[in-house]
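Notes for the one structure printed next.
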Amino acid sequence: MQLRFSPSMRSITISSSNGFLDFMKIKVAARHVSSRTFFHSVLILAFLLPFVFILTAVVTLEGVNKCSSLDCLGRRLGPRLLGRTDDSMRLVKDLYKILNQVMSEEIPDGLKVPTSFSEFVSEMKNGQYDAKTFAIMLKTTMEKLEKEARESKLAELTYKHFVATSIPKGIHCLSLRLTDEYSSNALARKQLPPPELLPLLSDNSYFHFVLASDNILAASVVVTSTVRSSLNPEKVVFHVITDKKTYAAMHSWFALNPLSPAIVEVKGVHQFDWLTRENVPVLEAVEKHHMIRTYYHGNHIAGANLSESPRLLASKLQARSPKYISILNHLRIYLPELFPNLDKVVFLDDDVVIQRDLSPLWDIDLEGKVNGAVETCRGKDEWVMSKCFKNYFNFSNPLIAKSLNSDECAWAYGMNIFDLRAWRKTNIRDIYHHWLKENLNSNLTLWKLGTLPPALIAFRGNVHPIDPSWHMLGLGYQNKTDLENVRKAAVIHYNGQSKPWLEIAFKHLQPFWTKFPKENKWKSSASRVLGDWNEMVRADSLTTDFDDFENSEIALYNGEILFMCSVLKQGIGREPLKDFGGNGRNPDQFNMQGEKPMKDFGRF
Numbered sequence: 000m001q002l003r004f005s006p007s008m009r010s011i012t013i014s015s016s017n018g019f020l021d022f023m024k025i026k027v028a029a030r031h032v033s034s035r036t037f038f039h040s041v042l043i044l045a046f047l048l049p050f051v052f053i054l055t056a057v058v059t060l061e062g063v064n065k066c067s068s069l070d071c072l073g074r075r076l077g078p079r080l081l082g083r084t085d086d087s088m089r090l091v092k093d094l095y096k097i098l099n100q101v102m103s104e105e106i107p108d109g110l111k112v113p114t115s116f117s118e119f120v121s122e123m124k125n126g127q128y129d130a131k132t133f134a135i136m137l138k139t140t141m142e143k144l145e146k147e148a149r150e151s152k153l154a155e156l157t158y159k160h161f162v163a164t165s166i167p168k169g170i171h172c173l174s175l176r177l178t179d180e181y182s183s184n185a186l187a188r189k190q191l192p193p194p195e196l197l198p199l200l201s202d203n204s205y206f207h208f209v210l211a212s213d214n215i216l217a218a219s220v221v222v223t224s225t226v227r228s229s230l231n232p233e234k235v236v237f238h239v240i241t242d243k244k245t246y247a248a249m250h251s252w253f254a255l256n257p258l259s260p261a262i263v264e265v266k267g268v269h270q271f272d273w274l275t276r277e278n279v280p281v282l283e284a285v286e287k288h289h290m291i292r293t294y295y296h297g298n299h300i301a302g303a304n305l306s307e308s309p310r311l312l313a314s315k316l317q318a319r320s321p322k323y324i325s326i327l328n329h330l331r332i333y334l335p336e337l338f339p340n341l342d343k344v345v346f347l348d349d350d351v352v353i354q355r356d357l358s359p360l361w362d363i364d365l366e367g368k369v370n371g372a373v374e375t376c377r378g379k380d381e382w383v384m385s386k387c388f389k390n391y392f393n394f395s396n397p398l399i400a401k402s403l404n405s406d407e408c409a410w411a412y413g414m415n416i417f418d419l420r421a422w423r424k425t426n427i428r429d430i431y432h433h434w435l436k437e438n439l440n441s442n443l444t445l446w447k448l449g450t451l452p453p454a455l456i457a458f459r460g461n462v463h464p465i466d467p468s469w470h471m472l473g474l475g476y477q478n479k480t481d482l483e484n485v486r487k488a489a490v491i492h493y494n495g496q497s498k499p500w501l502e503i504a505f506k507h508l509q510p511f512w513t514k515f516p517k518e519n520k521w522k523s524s525a526s527r528v529l530g531d532w533n534e535m536v537r538a539d540s541l542t543t544d545f546d547d548f549e550n551s552e553i554a555l556y557n558g559e560i561l562f563m564c565s566v567l568k569q570g571i572g573r574e575p576l577k578d579f580g581g582n583g584r585n586p587d588q589f590n591m592q593g594e595k596p597m598k599d600f601g602r603f
């Protein structure tokens, strides 16, 4: 066989040895590449190489468990298509199987549970346990940690509940000091308002505000902020209502700290002739009913369900506050009877601060409705402004399900404009009493959170929505409240547990409240009794030892209430306060109701 190459090297001829020519030719490829072919190749490579780089980086970053790229997907599916198995997937499936198995098994008695993750890993490594033992230990550890976390949260909510429902020592001391002053100082007992101003208490050309509270400091902030914010303070009349035990102290405060030119009246519930057992039998029954007293004054954490959400537990604890069975909390339902000569009033809670003139509220046309209130079912804050009837009532109860609509919009107490003339034409009070009885007969299962639910029912069809800027809610439980919205609101409401006079208050929201007592320099005769606020506001001590009651002091630091409380040592057995217009009698000899002298009360 012979091979012959053509001169151009483009073909090869193969011939056999017998002389016959095999016409077999093989073409050889060209020795050079055209410039067009080269350009196209480079262009394609330049286009593909960045994608190859990006794909490689994504596969590296995403690891082996996620497959958002074709390469990763190929690595996961390739072994299956070739009949091979992925060991990592098989191990994960086995682990899932074992975990599902131990979920239904009981944990062995006496099993030692690790207290930390590092201890858990060390125990597994040293013990050389099998997969099932590992799963059991993991389950035990997780259940233990979950239980401890829930118990800690329950303890936190319980402590916060007790703090929220207790009386701070400073406010308690202030009440005692003012009560003592009422017994020994004629100025503290002077008539409020003066006799010449009494006709103005029923003058409907004035702006009448009603406040029911047994918290002297809180009441003073409400009244002071209202008067300061008013464009016409000489037209402001405040009707402050308190209980019998706080009356003397509340009267002393406003007698010794007048807010001229505004008019302030202080009355105790015992001074209203209309508030008799015959007119309010339901409330008396509520206060004296054994089951209710046990519910509100008993063990608040007995039977607590740890599986419930912390928010639900918190709401249940808040619903058991003793204030909900206080007559002061129900007084607003009797406003037409308590103030028979008034046509319109604004009712304020004692945990609000007024930041704008409220006189335009009297110009709002309620369109024949009784209650002007801010609705709480719509707004930017989905937590605070998302309250419908289903948030307050137990719709699993047939009576509630039949009578109410779960999606009906709720409204807020705290700042309400009431048309008393329209109110007197309704049976709102009777409906309110009826539903209190129904809840009592249903073992308190119809609703929670105190006095608002029966009011939501009683005022149905008689509520006129007002602009939300009049009343901003949630400063007592919404830590993420927008400060700019707070500054713009006419009334800010610290509803919730974190009241501004408590240590658990939100520090960034507290200054809107504390600025009123902090800036108040008592220039009246009361400055000798209570001291200048700026001297009392200092960062030195917070005394909690009642054995040192004579020299105990509580000051305001970082928003906490701190009051000078060197009370009974000076108030009992001291020289009469002649400089204050005292009558020259020693407090030991003063006896308003024929009871024992005050010195017999001792040190508590």
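Each residue of the sequence shown is one higher than the one before, starting from 0 at the first, in numbering that gives the first Met the number 0. Ideal Cβ positions, reconstructed from N, Cα and C, are used throughout, including at glycine.
- S497 and L439 have their C-alpha atoms some 29 Å from each other.
- Between V344 and F338, the C-beta spacing is below 8 Å.
- DSSP places C172 within a helical segment (H, G or I) once states are collapsed to three.
- Taking every protein chain shown into account, the CB of N184 has 16 or more other CB atoms within 10 angstroms, so this residue is buried.
- Under DSSP, N370 takes part in a beta bridge, and its partners are F417, V462.
- The criterion of a C-beta distance shorter than 8 Å is satisfied by E233 and P260.
- The C-alpha of V235 lies about 17 Å from the C-alpha of A211.
- For K92 and M102, the gap between their C-alpha atoms comes out near 16 Å.
- Note that the C-beta distance between V263 and F253 is below 8 Å.
- Residue pairing by DSSP places F392 opposite W446 in a beta bridge.
- In the assembly as shown, N256 is a buried residue. Its beta-carbon has 16 or more other beta-carbons within 10 Å.
- Per DSSP, the continuous alpha helix (DSSP H) segment holding H433 begins and ends at 427-440.
- Around the Cβ of G449, a 10 Å sphere holds 16 or more other Cβ atoms; the residue is buried.
- The DSSP-derived three-state label of G126 is helix.
- In the displayed model, T241 falls within a strand according to three-state DSSP.
- Nearest neighbour of L501 by Cα position, chosen from K368, E366, A217, turns out to be A217.
- A check of alpha carbon separations from L98 across D129, T275, V120, S121 identifies D129 as the nearest.
- Counting only runs that start and end inside the segment 95-166, the alpha helix (DSSP H) elements of at least 4 residues fall at 116-126, 130-164.
- As computed with DSSP, A211 is found in a beta bridge with I240.
- E336: not part of any beta strand (DSSP E); member of the alpha helix (DSSP H) spanning 334-337, first to last residue.
- Ranked by how close their Cα comes to the Cα of S251, the residues V265, V383, L334, L398 have V265 in first place.
- Using a Cβ distance threshold of 8 Å, T225 and I416 do not count as a contacting pair.
- Distance from the CA of M88 to the CA of Y95, rounded to the nearest whole angstrom, comes to 11 Å.
- If you draw a straight line from the Cα of H171 to the Cα of K111, it is about 50 Å long.
- By the CB criterion at 8 Å, S165 and A248 fall outside the cutoff.
- Residue environment for S40: exposed (fewer than 16 other C-beta atoms within 10 angstroms of its C-beta).
- Around the beta-carbon of E180, 16 or more other beta-carbon atoms lie within 10 Å, marking it buried.
- Sixteen is the threshold: when 16 or more other Cβ atoms of the shown chains lie within 10 Å of the Cβ of R176, as they do, the residue is buried.
- Contact between D202 and D242 is ruled out by a C-beta separation of about 27 Å, above the 8 Å threshold.
- Only residues of its own chain outside the window of five on either side were considered, and among them A421 have a CB closer than 7 Å to the CB of G367, listed in chain order.
- Under the Cβ criterion (8 Å, minimum of three pairs), the segment 458-467 counts as touching the segment 369-377.
- Burial check for N494: the Cβ neighbour count within 10 Å reaches 16 or more, so the residue is buried.
- DSSP places E264 in the uninterrupted beta strand (DSSP E) bounded by 262-267.
- For V485, the enclosing alpha helix (DSSP H) begins and ends at 482-487.
- Burial check for A411: the Cβ neighbour count within 10 Å reaches 16 or more, so the residue is buried.
- The beta carbon of P467 lies closer than 7 Å to those of V373, G378 in the same chain, with the five residues before and after it left out.
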